[in-house]
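Note sheet for the following structure.
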Amino acid sequence: MDETAALASCQELNRFAKADPGAGAPVLARVIAICQQLYDGEPDLHLLKRLRRLQDLMQDWTSQDGWRLYGQGPIVLRGELVETIAEIEDAICASVELPLGLQRHPGRGGAYRAY
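Written out as structure tokens, the structure reads:
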């Protein structure tokens, strides 16, 4: 999986994280499929840990009362989801070789800037 496709998958994950909680099993199944694609494209132990963390958080997010079982309000769980997805984006972008003269802007999901 190239970086563009991986980042598009991360954007889809962000849309799920920003939706209302309790979306149900179809969303969770899609999240699991995206995580598998991301791992297949970049098999790495650190990425795998982040993907598993995302799946656990998303399981709480997509179940009807999962955010209540999480022990925090939905805003806290959503924040953890968005932060975990950003870590996944950074891990994917860090694994890609950049052309000479380009650097990543930290904290922006791997956005490029010419120097």
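Going left to right, the sequence shown walks through residues 2 to 116 as our numbering numbers them.
Built from N, CA and C at the ideal position, the CB exists for glycine as well.
Residue i in three-state terms, based on DSSP
i      : result
Glu-43 : coil
Ser-10 : helix
Asp-3  : coil
Ala-18 : helix
Where residue i falls, given that 16 or more other Cβ within 10 Å makes a residue buried
i       : result
Asp-21  : exposed
Arg-16  : exposed
Glu-135 : In the structure displayed, the chain extends from 2 to 116; residue 135 sits before or after that span and is not available.
Ala-9   : exposed
Asp-61  : buried
Leu-46  : exposed
Enclosing alpha helix (DSSP H) for residue i [first to last residue]
i      : result
Ala-95 : 75 to 95
Ala-24 : Ala-24 -> no alpha helix (DSSP H), and no H or E assigned at all.
Gly-67 : 67 to 71
Distance between beta carbons of residue j and residue i, contact taken as under 8 angstroms
i      : j      : result
Arg-51 : Ala-92 : 6 angstroms
Ile-36 : Glu-90 : The sequence given here places Cys at residue 36; Ile does not occur at that position. Actually they do not touch by this definition, with Cβ atoms about 13 angstroms apart.
Val-28 : Thr-5  : The Cβ separation is near 23 angstroms, so there is no contact.
Gly-23 : Gln-65 : 5 angstroms
Three or more C-beta pairs closer than 8 angstroms, one from the stretch 70 to 78 and one from the stretch 32 to 50: is that the case here?
no
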